[in-house]
Ligand SMILES: [Zn+2]
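Residue numbers (the working numbering): 356 to 750.
As structure tokens, then:
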């Protein structure tokens, strides 16, 4: 699996990605967000019933799962046998929901199929040119469910418009009117959130930022901020920003931590090297009551799929397997309004991972799934699906 994923990623990584990743100083967020009512990928209506039997289902215990037309239609420890079912014998395996990655850049690295085959069912693009909205509408990111922010809103000459984001990944707002117009335009185009830059060079003034954030909230959009220092993270909290796009790198002070209690932070620890200060910040934010959302900054980071290095960093920050599962499943599903994602339940799309170990005990198992189904579509397999005669879809 790792070799296959590496090959797929090598093919997917373009020159721009290589350039983007060449300097950690340029690693940062981009700012697209997602619509709260994003639909799941279309299920394959032609597929017959698929039964996964004998696995340990996270949240349900040892049970069987029935999948019909891409949707979980039963979770039952004594599931009746359907006459025409295809049976996946999964005794000794664990089943977990496919992940939500709350920080990616898919315009940088066009690897939606590789992301999905690596166990990610939904992602939040936190920075891309506005063309992403058109392409998403054409389903070019299937089988991923993709929410997007569009360009990061910045001051004239502000981050990231003079660096990696000069080609439309940032949008300069010369004054208050321009900032409000940008929010309205992005909302009209289908942005699920608004992202603002609060670091690295000129930034919008406080009054403009406050008005922009109010406008986004009035449009039903959450606001993410690129803020890596303590003062920037504190300002973001004071202005009403909803989510930090990264775990800040500079040690956070008590007043900043208190501001972020009850709000959210996207981890992205490994994209910045998972240094001690960032790891300690994530631990402190969680202790203060912040919601932790798993995110990799894919595009700047390079693992297409669930990232084992991010999992390791989360473990160092004190998240156990259950907390990591929450950060990549129920927590982002609720935060972003991704109904049906992040849980294994009847009526939800069958987006799931077959794992060789219990991810509550061994979170690394999430990064090396034995098989991946996204909305019932088989995208990766190390044997259990092939043994049932199921072929994996090619990109
Ligand atoms: Zn980013």
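Where is the CB? At the ideal position from N, CA and C, for every residue including glycine.
Of the choices the options, whose alpha-carbon is the least far from that of residue i?
i           : options            : result
residue 561 : 501, 573, 594, 543 : 594
residue 315 : 599, 578, 577, 574 : Nothing about residue 315 can be reported from this structure: the residues present for the chain run from 356 to 750 only.
residue 742 : 424, 442, 416      : 442
residue 611 : 631, 623, 468, 583 : 583
residue 723 : 475, 424, 421      : 475
residue 631 : 444, 532, 673      : 673
residue 518 : 537, 534, 530, 557 : 557
residue 660 : 456, 466, 473      : 473
residue 642 : 419, 627, 613, 417 : 613
residue 750 : 436, 466, 736      : 466
residue 300 : 417, 419, 500      : This structure cannot settle anything about residue 300, because the visible part of the chain is limited to 356 through 750.
Check whether the Cβ atoms of residue i and residue j lie closer than 8 Å to each other.
i           : j           : result
residue 461 : residue 431 : no
residue 727 : residue 453 : yes
residue 541 : residue 551 : no
residue 427 : residue 699 : yes
residue 515 : residue 525 : yes
residue 646 : residue 619 : yes
residue 477 : residue 498 : no
residue 731 : residue 405 : yes
residue 648 : residue 622 : yes
residue 751 : residue 636 : This structure does not reach residue 751, given that the chain is present from 356 up to 750, and the question cannot be answered.
residue 440 : residue 409 : no
residue 651 : residue 458 : yes
residue 445 : residue 407 : yes
residue 554 : residue 581 : yes
residue 451 : residue 707 : yes
residue 735 : residue 422 : no
Excluding sequence positions up to five away, which residues of its chain have a Cβ less than 7 Å from the Cβ of residue i?
i           : result
residue 438 : none
residue 718 : 666, 670, 676, 679
Using C-beta distances below 6 Å, list every residue in its chain close to residue i, excluding the 5 sequence neighbours before and after it, in chain order.
i           : result
residue 521 : none
residue 629 : 668
residue 578 : 549, 568, 571, 596, 597
residue 738 : none
residue 513 : 552, 556, 557, 558
residue 510 : 557, 558, 559
residue 653 : 459
With a threshold of 8 Å on Cβ separation, who are the neighbours of residue i within its own chain once the five nearest residues in sequence on each side are excluded?
i           : result
residue 720 : 449, 710, 711, 712, 713, 714
residue 539 : 570, 574
residue 733 : 726, 727, 740, 745, 746, 747, 748
residue 685 : 697, 698
residue 566 : 531, 534, 535
If we define contact as Cβ-Cβ less than 8 Å, is residue i a contact residue for chain B?
i           : result
residue 417 : Among the protein chains of the structure shown there is no chain B, as only one such chain exists.
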